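Below is one structure, written out as structure tokens, with a few remarks after it.
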């Protein structure tokens, strides 16, 4: 299986998603459209991962418009898609729903609560890394997957092939440090009230990698 990953900023990489792909023997191709402008075609995509970034799906940049086209084509083909943060927003945008300011800016660690059993094996509550102030409007055709105390729309699952999460399960310890040391000014104004050092010192919950694997396994089940 060819797993195409769209990365949108240097400091938000695939983390445990790449670990999952390697553990299953999948080929991983990482694209940086914000820098180089290139995207895979739908024909060469068996699984699309859309990572986070400082941009918005509402931005009318040429490469973002091209991404919308790719996501639409893959949705039409029922190809598995996973989106994190901006990625979840992009999927919702392509489906015809709004991306708008969230009720609160969340940057740091905070619990999320499972809202559906559509994906078997997910715990009722997990601690996730949040790094956002926008959110997606929940697609009517999707199930709400996770909610947090500050922002209800934290994740959705659409059928058996699409999952979008407003937060991050994929970062490993090195990824968290990379996000913080390069983007620490963004922490200011977060409702979570955590310092840069506190976010690093908290550590990545041990169960997060397994949960990420469970979600990705669900998306490719039966292929």
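Residue numbers (full-length UniProt numbering): 1 to 223. The C-beta atom is built at its ideal place from N, Cα and C for all residues, glycine as well. The structure displayed is predicted, hence computed values, not measured ones.
For residue i versus residue j, is the C-beta spacing smaller than 8 Å?
| i | j | result |
| --- | --- | --- |
| residue 88 | residue 164 | yes |
| residue 191 | residue 106 | yes |
| residue 175 | residue 166 | no |
| residue 115 | residue 145 | yes |
| residue 102 | residue 134 | yes |
| residue 194 | residue 108 | yes |
| residue 32 | residue 72 | no |
Looking at the secondary structure, which residues open and close the beta strand (DSSP E) in which residue i lies?
| i | result |
| --- | --- |
| residue 5 | 2 to 6 |
| residue 100 | 99 to 114 |
| residue 224 | Nothing about residue 224 can be read from this structure; the chain reaches only from 1 to 223. |
| residue 210 | It is not in any beta strand (DSSP E) - residue 210 instead sits in the alpha helix (DSSP H) that spans 207 to 220. |
| residue 55 | It is not in any beta strand (DSSP E) - residue 55 carries neither H nor E in the DSSP assignment. |
| residue 204 | Careful: residue 204 lies outside any beta strand (DSSP E) and carries neither H nor E. |
Buried or exposed: which applies to residue i, given that a residue is buried once 16 or more other Cβ atoms fall within 10 Å of its Cβ?
| i | result |
| --- | --- |
| residue 203 | exposed |
| residue 45 | buried |
| residue 93 | buried |
| residue 3 | buried |
| residue 209 | buried |
| residue 273 | Outside the shown range of the chain, which is 1 to 223, sits residue 273, and nothing can be said about it. |
Tell me residue i's beta-bridge partners as DSSP assigns them.
| i | result |
| --- | --- |
| residue 149 | BP columns for residue 149 are empty, so no partner. |
| residue 133 | Paired residues: none, contrary to the question. |
| residue 118 | DSSP, once it has assigned bridges, lists no residue as partnering residue 118. |
| residue 127 | 111 |
Can you list, in chain order, the residues of its chain with a C-beta nearer than 6 Å to that of residue i? Leave out the 5 residues immediately preceding and following it.
| i | result |
| --- | --- |
| residue 212 | 16, 169, 170 |
| residue 218 | 119 |
| residue 220 | 80 |
| residue 121 | 214 |
Take residue i and list the residues in its own chain whose beta-carbon comes closer than 8 Å to its own, dropping the five residues that flank it on each side.
| i | result |
| --- | --- |
| residue 177 | 200 |
| residue 124 | 113, 114 |
Identify the continuous alpha helix (DSSP H) that holds residue i and give its terminal residues.
| i | result |
| --- | --- |
| residue 73 | 62 to 77 |
| residue 180 | 173 to 183 |
| residue 91 | 86 to 94 |
For residue i, collect the residues of the same chain with a Cβ closer than 7 Å to its Cβ; drop the 5 residues on either side in sequence, then sort them by chain order.
| i | result |
| --- | --- |
| residue 104 | 150, 151, 191 |
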